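> Residue numbers (my numbering): 3 to 327.
Below you'll find the structure I mean.
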Ligand code: UDP
Ligand code: MG
């Protein structure tokens with residue numbers, strides 16, 4: 003496989019911004035205004051991920067209102083047929099951008115990622131960075147529970163996974179050079195975990211820091227349960243250790259059982275038959291039953307992933323591409 007060479011040395015580089023939107027009617031116009039105002043941005047690709055509110059009509063209204071024709075031609079809207087999830091929506095945007103630009107900036111459309119940072123990211127890219135990752139410098143607006151669970155997740159992930167290390171605070175706000183966009187669009191797995199896929203490509207990344215702000219409108223679509231699922235997604239798609247620990251656990255439990263059997267035999271020889279033991283029996287049965295169920299659950303999770311990936315369905319369908327010239 004061949005990658006197109008880096009083209010960030012010339013003066014006519016095309017920088018595209020790709021943003022997924024789901025129910026962002028309240029902030030989307032401000033977002034577009036702030037992104038198209040950045041001179042270095044040549045095109046803004048919005049991917050509507052099946053919003054149930056007026057996001058699409060707000061975007062089209064904004065486009066229709068522009069009198070200065072230099073600005074609206076920056077905007078393209080891909081309308082997906084339904085909500086496919088942020089990862090699929092971002093992939094739709096990357097597929098669209100692939101081969102048409104020299105670098106893509108992935109950004110959230112809820113204005114939690116300040117678009118003004120794009121200038122600094124492009125600067126790092128022109129200096130040779132293959133990936134520029136925006137790292138949030140504090141989580142002070144989040145609950146203690148979220149901060150603690152997130153930091154546990156990063157510790158567990160980095161301990162379990164050898165191939166990559168995740169940086170805490172690095173999310174989906176990144177600049178990707180064309181070869182990285184090619185690499186990412188080639189990885190068509192279903193449980194996409196971009197936070198891991200980007201470093202997994204191996205391209206060199208430079209970090210810039212930013213302060214994340216609260217949403218100016220709408221609500222985050224991440225419930226604690228969804229976040230837990232996403233965290234497990236990350237670990238399961240980058241590590242097979244959860245599958246392997248069951249053999250070790252089985253061996254350990256078997257060894258302990260053999261030792262315990264020896265103790266019982268010796269006790270019977272020296273003290274005669276000992277009838278009581280109901281409590282230890284029931285504890286052992288329940289404990290092992292639980293352990294086995296967890297083991298089967300983990301197996302099921304991996305098999306589910308294999309099943310979904312073998313179907314190889316498209317990640318998304320596009321209803322219409324709006325505002326394309
Ligand atoms: N998003 C999306 N599809 C979804 C959920 C979210 O395209 O199913 C977009 C959303 O519009 C936003 C970004 O993904 O631009 C991040 O979502 P959110 O703000 O809910 O996540 P958080 O910032 O809380 O991590
Ligand atoms: Mg957000």
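Just so you know, even glycine gets a beta-carbon here, dropped at the ideal spot from N, CA and C.
Values in this document were obtained by computation on a predicted structure and should not be read as measured data.
Taking only three categories from DSSP, how would you classify residue 24?
The answer is coil: DSSP assigns residue 24 none of H, G, I, E or B.
> Helix, strand or coil for residue 50, going by three-state DSSP, please let me know.
Looking at residue 50 - three-state DSSP - the assignment turns out to be strand.
> Ignore the nearest five residues each way along the sequence and tell me which others in residue 207's own chain have a CB closer than 6 Å to its CB.
Once the five neighbours on either side are set aside, the close Cβ partners of residue 207 are 133, 135.
> Between residue 331 and residue 163, is the Cβ-Cβ spacing less than 7 Å?
Within the shown structure, residues of the chain are numbered from 3 to 327, placing residue 331 beyond reach of any answer.
> Do you know offhand how far residue 10's Cα is from residue 127's?
Confidence in residue 10 is poor, its pLDDT being 45 and thus under 50, which makes the residue's placement too unreliable to answer from.
> With three or more C-beta pairs closer than 8 Å as the rule, is the stretch 74-82 touching the stretch 40-47?
In short, these stretches touch, since the Cβ pair count reaches three.
> Quick check on the DSSP output: what are the complete beta strand (DSSP E) runs of length 3 or more inside the stretch 186-270, in order along the chain?
Here the runs fully enclosed are 207-212.
> Between the beta-carbon of residue 122 and the beta-carbon of residue 19, is there less than 7 Å?
No, the pair does not count as a contact, with Cβ atoms beyond the cut-off.
> Around the C-beta of residue 50, are 16 or more other C-beta atoms found within 10 angstroms, so that it is buried, or is it exposed?
Label assigned to residue 50: buried.
> Using 10 angstroms around the beta-carbon of residue 175, count the other beta-carbons present and answer buried if the total reaches 16, otherwise exposed.
That one is buried.
> When the Cα atoms are used, what is the spatial distance from residue 140 to residue 167?
Taking the straight line joining both Cα atoms gives about 19 Å.
> Look at the alpha carbon of residue 316 and the alpha carbon of residue 288, and state the distance between them as a whole number of angstroms.
Cα to Cα, the separation comes out at about 43 Å.
> Kindly list the residues whose CB is nearer than 6 Å to the CB of residue 187, restricted to its own chain and excluding five residues on each side of it in sequence; keep chain order.
Once the five neighbours on either side are set aside, the close Cβ partners of residue 187 are 96, 97, 100.
> Using the Cβ count rule (16 or more neighbours within 10 Å means buried), how would you classify residue 25?
The residue is buried, with at least 16 neighbouring Cβ atoms inside 10 Å.
> Examine the Cβ distances between the stretch 181-199 and the stretch 305-320 and report whether three or more of them are shorter than 8 Å.
Cβ pair count under 8 Å is three or more, so yes.
> DSSP three-state label for residue 318, please.
Coil, per DSSP.
> Of all the options 36, 272, 88, 65, which has the alpha carbon lying nearest to the alpha carbon of residue 229?
Answer by Cα proximity: 88.
> Report all residues from its chain with a CB closer than 8 Å to the CB of residue 111; omit the five preceding and five following residues, and keep chain order.
Around residue 111: 21, 22, 23, 26, 29, 30, 33, 48.
> Determine the DSSP secondary structure at residue 162, reduced to helix, strand or coil.
Looking at residue 162 - three-state DSSP - the assignment turns out to be helix.
> Using a Cβ distance threshold of 8 Å, determine whether the stretch 232-247 contacts the stretch 153-161, with at least three qualifying pairs required.
Yes: at least three Cβ pairs fall under 8 Å.
> Excluding sequence positions up to five away, which residues of its chain have a Cβ less than 6 Å from the Cβ of residue 6?
Any reading at residue 6 is ruled out, since the residue's pLDDT is 44, under 50, leaving its predicted position unreliable.
> May I ask you to list the residues that DSSP assigns as paired with residue 18?
For residue 18, which the question treats as bridged, DSSP gives the partners 45, 106.
> Measuring from the CB of residue 75, is there a heavy atom of ligand 1 at a distance below 6 Å?
No, since every heavy atom of ligand 1 falls outside the 6 Å radius drawn around the Cβ of residue 75.
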